[in-house]
Structure formats: C-alpha cells, structure tokens
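Heads up: the sequence shown begins at 1 in the UniProt record's numbering, then just goes up one per residue.
Ideal Cβ placement from N, Cα and C applies to all residues, glycine included.
In this text, all values refer to a predicted model and were calculated from it rather than measured experimentally.
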Amino acid sequence: MTFFLKNRGFTLIELIVALGLFSIIMVITTGSFVRFLKTERQALSFVSVNNNLGAAIEQMAKEIRTGKNFCANGQSCQSPSVLSFVNSKGAAVTYCLENGTVKRSAGQDCSSGQGITGSKVSVGYLNFIVSNNGNYPPRITISISANPNNESASIYTANLQTTVSSRQLGG
C-alpha cells in the first residue's frame with residue numbers, strides 16, 4: 001500500500017503572514033482615506049471663508065463707492081475698525097467689527113447692526129484707512145482677516161485687502 005500525501009492548502013505560518021500583510025495594507029489605506037477627508041474639510045472651510053470675506057468686501061465697496069462724508073463729516077473715525085458715512089440715499093451707514101462679525105448698521109451705533117459675514121467665519125481683524133485729499137475723491141482701504149470657526153481648519157487665516165474710491169468729489 002502506498003499513501004500519497006498531497007500538500008494542498010496553506011500552512012498556519014503562511015496564513016498568518018498573509019493576514020498580517022493584508023491588515024497592514026488596510027490600515028495604511030484607511031489612514032490615507034481619513035487624512036484625505038480631513039484635508040478636504042479644511043479646504044472647503046478655507047474656500048468658504050474666502051467666499052464669505054469676498055462677499056462682505058464687495059457689499060461694503062458697492063456702498064462706499066457711492067458714499068460721502070466718511071467718518072462722520074470728515075472728522076476722525078471712532079476707531080480703525082469702524083467706518084461711518086452717508087450712502088447714496090442720504091442715510092447714515094456704519095460698518096464695524098463686533099464679536100468676530102462684520103456688521104452693517106443704519107446710523108452711528110453699530111451694536112444694533114446686522115452681520116454681513118456668516119456664522120462659520122470668525123473675523124479677527126478689520127481696518128479702514130480713509131485717505132481724503134480735497135482735490136480727489138476719498139479712497140478707503142479695507143483690510144480684513146478671518147479664519148474658519150471649526151477647530152480643524154482654524155490654523156488657516158484669510159487676509160484680504162482692497163481700496164475703494166468714492167465717486168463723490170470731496171466726500
């Protein structure tokens with residue numbers, strides 16, 4: 001009688017090695033995927049901040065462009081983060097920074113104003129520089145800096161600046 005041993009199948013060592021390699025590959029793949037999702041969330045937050053600040057600056061610029069009597073009839077502004085003027089409809093308007101939000105108010109009191117930046121954005125810096133030369137229309141430089149409210153993307157800060165020239169001479 002002859003017995004034939006056929007070695008079909010895997011030994012325990014081969015199975016453990018294959019399972020170990022598969023586990024390592026899965027851990028690396030999962031880690032890469034999680035990192036990708038985190039990076040994507042941060043990028044979306046940063047794009048949201050840029051869009052939000054761009055819209056706020058554009059709103060301020062449109063109203064400043066047709067405004068006059070900047071900083072309460074030519075006097076110095078209350079602070080660099082507050083701009084008061086009279087808009088094209090003859091109404092007093094004030095833009096200011098309060099509690100991380102850029103606000104627009106009808107009148108001089110900005111605390112009762114309406115926020116023009118979103119809740120997902122924390123504005124840390126807002127500065128207005130009024131350059132008023134009697135021979136030329138006034139120029140207002142707006143500088144703004146903000147970051148996302150979520151902790152994972154808060155290390156990114158967006159800084160925007162623009163200069164707007166009023167269409168009103170001597171305003």
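- Between S112 and L97, the C-beta spacing is not below 8 Å.
- Per DSSP, the beta bridge partners of E98 are T101.
- Here S143 carries a strand assignment [DSSP, helix/strand/coil].
- Excluding residues up to 5 positions away in sequence, L53, A56, I57, V102, V123, Y125, L126, N127, N159, L160, Q161 lie with their Cβ nearer than 8 Å to the Cβ of I144 in the same chain.
- Taking a contact to require three or more Cβ pairs closer than 8 Å, the region 28-46 and the region 127-141 do not qualify as touching.
- By the neighbour-count criterion, in which a residue is buried when 16 or more other Cβ atoms sit within 10 angstroms of its Cβ, A146 is buried.
- Distances from the CA of S131 to each of T30, F70, S45 were compared; the closest alpha carbon is that of F70.
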